[in-house]
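Protein chains in written order, with our numbering: chain A, 68 to 522; chain B, 22 to 304; chain C, 5 to 301. Think of the CB as a built atom: it goes at the ideal place given N, C-alpha and C, for glycine as much as any other residue.
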């Protein structure tokens with residue numbers, strides 16, 4: 068044999084070993100994929116519905132729900148698992164971190180395996196996502212709604228989203244501590260009452276064994292939505308009421324002084340120095356309330372789950388955020404910013420699976436029970452079970468007593484960007500590094516410029 | 022031999038080339054195209070000409086981020102290199118514990134940007150609240166210096182290592198000769214050491230320059246742009262436009278910002294290359 | 005001052021005085037650097053201390069306190085962080101991604117670099133130019149389109165994301181390998197070829213061993229990049245199933261509607277301690293690698 072042939076053979080042999088080497092590195096991970104996927108399924112049971120199953124069930128469709136409510140994550144995971152067990156349809160629930168929903172949705176919707184079920188916060192959110200909303204007209208879930216008002220319609224009149232939870236927020240009060248200070252919930256009927264009581268508690272904080280009247284007004288991203296969004300609803304609500312409108316491209320800020328008064332009260336009669344608020348988190352405020360270090364805590368009915376472990380129903384009350392405008396008639400802020408939308412770009416079988424899942428959640432025994440009891444939701448469907456949530460009950464009582472619930476108008480806020488602008492200005496104002504004029508500018512001018520940019 | 026190797030190109034080049042096309046070339050070209058379009062996902066792309074670019078320059082946050090980044094880059098490059106060079110000088114004096122110092126000063130490099138940011142956020146906020154100053158999220162100035170401190174902590178050790186290597190290459194005879202000639206310590210430093218380690222200086226300044234200019238992770242975790250996007254650097258401003266703003270118009274604007282960002286980086290690199298080349302000719 | 009006194013001294017005692025002075029200065033320097041050293045270590049120490057404290061003791065005003073008395077939480081944060089956030093799987097994914105990506109980059113890029121430096125044809129030159137060019141391009145330029153491309157090709161699991169890393173990280177590695185290989189003498193390789201070796205044999209038997217120093221430098225730089233990378237895996241990986249360490253730590257903020265500082269600190273400690281230990285053992289290689297890498301780059 069000549070030398071050339073030998074080297075050619077050797078070369079080929081070498082090449083094949085190298086290629087085989089490449090082949091094995093490429094195939095080994097592939098094999099491992101399945102292995103670990105299987106492992107994961109057993110190891111992380113709460114992660115639910117894995118794609119291992121998705122392969123077998125793909126003809127029947129699958130559900131991928133991008134959940135907005137971090138506090139309900141655990142319950143959604145178990146509800147999804149229950150559904151998969153019952154029907155065999157894989158349901159994946161991913162919860163976006165607080166303040167990261169829009170970011171997560173933006174990056175997930177671009178993927179081939181995009182969420183089939185997501186949510187928008189109302190008309191403004193819908194405007195951004197209208198191309199992706201499947202028309203729900205005539206679907207079972209829409210038929211189950213208690214009122215047509217809970218269906219979110221787009222400009223063409225098609226139903227693009229359905230509200231799946233109605234919530235209330237106000238000032239959560241520790242009744243026992245309030246009584247210890249010599250007051251009862253009935254003593255607080257207006258902003259002036261609230262201020263008087265809070266100032267008094269603050270002055271006698273040491274004697275009462277509390278750190279402050281209000282739990283910290285945390286401006287960390289996990290908590291600042293309570294003020295830049297929820298509290299900011301009130302000036303918008305009263306302005307809309309006055310003008311008889313329900314949406315505006317420009318806002319005047321007629322009630323911003325009241326907004327300032329309430330915010331001032333929160334940060335003055337507080338458990339902590341206003342300069343520290345920017346680093347205070349949602350946990351901090353909740354823990355202060357749970358530890359009995361604060362009497363008042365602005366938050367909503369969704370907090371019931373974490374508070375009811377410590378307090379009995381008799382110890383908790385939710386009072387309206389008296390705004391000094393029409394205190395006698397003002398009720399809790401009740402509404403929704405949670406509209407379910409089905410991704411119109413998903414595969415038809417996935418859309419069907421998603422519609423089935425949604426309807427199951429709000430109509431089946433298991434689904435309604437988890438939503439009412441574990442998540443503490445009031446859902447606007449005829450099939451709903453009564454929620455044991457004491458705040459929800461108080462809302463109903465107040466409405467029955469002739470108070471008018473404050474509607475949720477923050478769904479008309481122009482963008483997340485606007486909220487962040489207001490939040491930053493509020494934080495700076497609280498710490499003394501900025502003034503109230505900056506808050507006003509972020510509120511009024513920011514509103515106009517954000518709406519202008521949407522055009 | 023060349024011929025034999027060329028025949029083997031599918032083995033030697035193809036894997037890298039294929040991955041390179043997937044991981045860089047195609048996304049890059051596609052990105053340039055998309056900067057002239059309006060899109061939310063790639064299924065609905067509408068060409069809009071130069072309008073994205075017009076909107077970029079009308080966006081005050083981008084302009085602010087640009088100057089913030091430029092200022093930050095200059096300040097951090099100067100501070101890090103001066104400090105690293107100084108420490109390197111001290112550590113080449115054969116003092117006790119040189120190895121320990123070198124080991125510890127280099128250590129922060131191994132910690133990732135996100136983690137670094139959270140470590141320093143806790144530490145700096147603790148200090149600020151102790152002194153009764155506004156916290157990091159409240160002041161642009163503090164955010165700026167916080168980022169500088171963080172970067173200095175992370176990068177001084179790395180640059181120091183490179184400077185030490187450079188200084189060790191300076192021949193001891195040369196320095197001794199200078200000392201015999203009566204040169205003071207300052208003169209030896211300026212006349213002999215600095216020119217001899219010029220290549221290290223070029224490398225280090227280039228590294229700090231690009232690291233600072235493209236900074237993202239540390240920015241995200243330390244200040245997250247607070248207060249009110251005032252401490253957003255360019256990379257983060259682009260990310261923010263891309264993923265935090267909803268509405269069909271923003272992605273195109275974000276992509277246009279990215280193209281501009283890329284062009285600026287290219288210009289900086291070209292200047293750097295020029296500078297390095299001219300130095301090499303002199304030396 | 006000393007100079008005036010020196011006149012009257014013998015050369016011998018003058019040298020002694022100089023040495024003494026030098027020693028004194030050096031002691032002062034050691035003292036100053038020791039203080040800096042403590043400052044340098046303190047942030048890490050602080051994180052470890054806080055990871056042992058209860059949640060409410062990690063607030064801004066109590067961050068400097070030691071984990072003593074009622075603040076002490078034992079290992080509760082570690083247990084919570086590891087179990088609840090599924091931190092171990094994040095650790096595993098990070099490790100797996102880093103090892104596979106770096107191995108793939110080293111193998112493919114060194115082969116590609118050898119081709120570039122020895123073939124002398126247009127393909128090699130174009131490849132080299134493209135790689136140098138890619139080093140300049142910031143990630144933000146390609147983040148959206150890269151995420152989409154990887155998604156379409158299903159390169160979104162920890163098991164094959166290394167291909168994306170190979171693509172985006174090829175520039176630096178190819179650049180470093182080519183720089184070294186161009187300076188290598190061709191004669192040995194030519195001799196091997198005359199002896200009947202194929203290019204593959206030459207590469208693995210002759211070239212690979214010689215490039216070991218560059219391989220180590222490149223490995224260190226690429227490892228530091230991939231292990232700590234946040235944005236690329238965040239955008240590319242299938243977040244329904246996989247999170248790497250940096251993603252997990254970022255997720256501590258705001259997930260479940262809260263910021264869990266304690267578990268976050270614990271997970272930071274779990275993340276950095278192995279890296280620091282590894283560094284202490286392999287210090288010599290890492291520092292030499294960095295120097296070599298910098299001089300080449």
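Residue 338 (chain A) and residue 289 (chain A): beta carbons closer than 8 Å?
One-based indexing of the first chain puts residue 338 (chain A) at position 271. One-based indexing of the first chain puts residue 289 (chain A) at position 222. Against a cut-off of 8 Å, the Cβ pair of residue 289 (chain A) and residue 338 (chain A) comes out as no contact.
By Cβ distance below 7 Å, which residues in the same chain neighbour residue 96 (chain B) in space, the five residues on each side in sequence not counted?
The count along the second chain starts at 1 and reaches residue 96 (chain B) at position 75. Correct list, in chain order: 169.
Leaving out five residues on either side along the sequence, give the residues of the same chain with a beta carbon under 8 Å from the beta carbon of residue 103 (chain A).
Stepping through the first chain from its first residue, residue 103 (chain A) is reached at position 36. Below a pLDDT of 50, predicted positions are generally treated as unreliable, and residue 103 (chain A), at 39, falls in that range; the measurement from the model is reported next regardless. If we look at residue 103 (chain A) and ignore the five residues flanking it on each side, it has no Cβ neighbours.
Which residues of the region 148-163 of chain A have a Cβ closer than 8 Å to any Cβ of chain C? Give them in chain order.
159, 161 and 162
In angstroms, rounded to a whole number, what distance separates the CA positions of residue 2 (chain C) and residue 281 (chain B)?
A query on residue 2 (chain C) cannot be resolved here, the shown segment of chain C reaching from 5 to 301 and no further.
Given 8 Å as the limit, is there contact between the region 311-318 of chain A and the region 374-384 of chain A, that is, 3 or more CB pairs closer than that?
no
Can you check the region 148-197 of chain A for any alpha helix (DSSP H) of at least 4 residues that lies completely inside it and give the ranges in chain order?
168-176 and 190-196
Step through the CB atoms of chain C and report whether any lies within less than 8 Å of the CB of residue 128 (chain B).
Counting from one through the second chain, the residue named residue 128 (chain B) turns up at place 107. By this cut-off, residue 128 (chain B) is an interface position.
Would the region 264-280 of chain C and the region 77-92 of chain C be scored as touching if the rule is three or more Cβ pairs under 8 Å?
yes
Using a Cβ-Cβ distance under 8 Å, would residue 487 (chain A) count as near chain C?
Residue 487 (chain A) sits at position 420 when you count from the first residue of the first chain. No, no contact with chain C.
Through-space distance from residue 138 (chain A) to residue 390 (chain A), alpha-carbon basis
The count along the first chain starts at 1 and reaches residue 390 (chain A) at position 323. The count along the first chain starts at 1 and reaches residue 138 (chain A) at position 71. One C-alpha to the other measures close to 28 Å.
Under 8 Å between beta-carbons, which chain C residues line up against residue 238 (chain B)? List them in chain order, please.
Numbered from 1 along the second chain, position 217 holds the residue referred to as residue 238 (chain B). Here the neighbours are 232, 234, 235 and 250.
Kindly provide the ranges of any alpha helix (DSSP H) runs that are 4 or more residues long and lie completely inside the region 282-316 of chain A, ordered along the chain.
300-310
Closer than 6 Å by C-beta to residue 54 (chain C): which residues in its own chain qualify, once you throw out the five before and the five after it? Chain order, please.
Counted from its first residue, the third chain places residue 54 (chain C) at position 50. The residues are 62 and 269.
Going along chain A, which residues have a C-beta under 8 Å from residue 23 (chain B)?
On the second chain, position 2 is the one that residue 23 (chain B) refers to. Within chain A, no residue comes near residue 23 (chain B); the closest Cβ sits about 16 Å away, beyond 8 Å.
Assuming contact is defined by CB atoms lying nearer than 8 Å, are residue 331 (chain A) and residue 285 (chain A) in contact in what I supplied?
As a first step, residue 331 (chain A) is located in the first chain; it is residue number 264 there, counting from the start. As a first step, residue 285 (chain A) is located in the first chain; it is residue number 218 there, counting from the start. No.
In three-state DSSP terms, what is residue 339 (chain A)?
Residue mapping note: residue 339 (chain A) aligns to position 272 of the first chain, counting from 1. Three-state result, residue 339 (chain A): coil.
Output, in chain order, the set of chain B residues within a Cβ distance shorter than 8 Å of residue 67 (chain C).
Within the third chain, numbered from 1, the residue matching residue 67 (chain C) stands at position 63. Those within 8 Å of residue 67 (chain C) in chain B are 143, 144, 146 and 147.
Tell me which residues share the same chain as residue 110 (chain A) and place their Cβ nearer than 8 Å to its Cβ, disregarding the 5 neighbours each side in the sequence.
By one-based count along the first chain, residue 110 (chain A) stands at place 43. Because the pLDDT of residue 110 (chain A) is 39, which lies under 50, any placement of that residue in the model is unreliable, and the question is left without a value.
Starting from residue 6 (chain B), follow the alpha helix (DSSP H) in both directions and report where the run begins and ends.
The question about residue 6 (chain B) has no answer here: the residues shown for chain B are numbered 22 through 304.
Which residues does DSSP list as the beta-bridge partners of residue 239 (chain A)?
Here residue 239 (chain A) refers to the residue found at position 172 when the first chain is read from its first residue. A:364 and A:385.
Residues near residue 204 (chain B) in its chain [Cβ-Cβ closer than 6 Å; skip 5 each side]:
The count along the second chain starts at 1 and reaches residue 204 (chain B) at position 183. For residue 204 (chain B), where only same-chain residues beyond five positions count, there are no Cβ hits under 6 Å.
Name the residues in the region 367-384 of chain A whose C-beta lies less than 7 Å from a C-beta of chain C; which are they?
none
Is it buried or exposed, residue 22 (chain C), if we count other Cβ atoms within 10 angstroms and call 16 or more buried?
Sequence index remark: in the third chain, residue 22 (chain C) carries index 18 (1-based). So residue 22 (chain C) ends up on the exposed side.
Nearest residue (CA-CA) to residue 268 (chain A), options A:244, A:454 and A:287:
Residue numbering aside, residue 268 (chain A) sits at position 201 when the first chain is read from its first letter. With distances taken between Cα atoms, residue 268 (chain A) lies closest to A:244.
Just by C-beta distance, which residues in the region 49-67 of chain B are closer than 8 Å to chain A?
61, 62, 63, 64 and 65
Entirely within the region 392-479 of chain A and at least 4 residues each: give me those alpha helix (DSSP H) ranges in chain order.
415-430, 432-436 and 457-467
Report the neighbours of residue 174 (chain A) on chain B: residues whose CB is nearer than 7 Å to its CB, in chain order.
Within the first chain, residue 174 (chain A) is the residue found at index 107, counting from 1. Under the 7 Å cutoff, chain B gives 264.
CB residue 277 (chain A) to CB residue 360 (chain A), shorter than 8 Å?
Residue numbering aside, residue 277 (chain A) sits at position 210 when the first chain is read from its first letter. Residue numbering aside, residue 360 (chain A) sits at position 293 when the first chain is read from its first letter. In contact: residue 277 (chain A) and residue 360 (chain A) (Cβ atoms closer than 8 Å).
Between residue 455 (chain A) and residue 439 (chain A), what straight-line distance do the alpha-carbon atoms span, to the nearest angstrom?
Position 388 of the first chain, counted from the first residue, corresponds to residue 455 (chain A). Position 372 of the first chain, counted from the first residue, corresponds to residue 439 (chain A). Distance between the alpha carbons of residue 455 (chain A) and residue 439 (chain A): 7 Å.
Please report the Cβ distance between residue 177 (chain C) and residue 240 (chain C), rounded to the nearest whole angstrom; I am assuming they are in contact, meaning their Cβ atoms lie under 8 Å.
The residue labelled residue 177 (chain C) in the question sits at position 173 within the third chain. The residue labelled residue 240 (chain C) in the question sits at position 236 within the third chain. 19 Å between Cβ atoms; not a contact.
When burial is assigned at 16 or more other CB atoms within 10 Å of the CB, is residue 200 (chain B) buried or exposed?
Along the second chain, one-based indexing puts residue 200 (chain B) at 179. With fewer than 16 Cβ atoms within 10 Å of its Cβ, residue 200 (chain B) is classed as exposed.
State the DSSP-derived secondary structure class of residue 189 (chain B), mapped to helix, strand or coil.
In the second chain, counting from the first residue as 1, residue 189 (chain B) sits at position 168. Residue 189 (chain B): helix per DSSP, three-state reduction.
Residues bridged to residue 60 (chain B) by DSSP?
Position 39 of the second chain holds residue 60 (chain B). Looking at the DSSP assignment, residue 60 (chain B) forms a beta bridge with B:66.
Contact list for residue 213 (chain C) against chain B, beta-carbon separation under 8 Å
Counted from its first residue, the third chain places residue 213 (chain C) at position 209. Residues of chain B passing the Cβ test: none, with the nearest at roughly 18 Å.
Confirm, please, whether the CB-CB distance from residue 448 (chain A) to residue 474 (chain A) is below 8 Å.
Walking along the first chain from the start, residue 474 (chain A) turns up at place 407. Walking along the first chain from the start, residue 448 (chain A) turns up at place 381. No; because the gap between Cβ atoms is not below 8 Å, this pair is not in contact.
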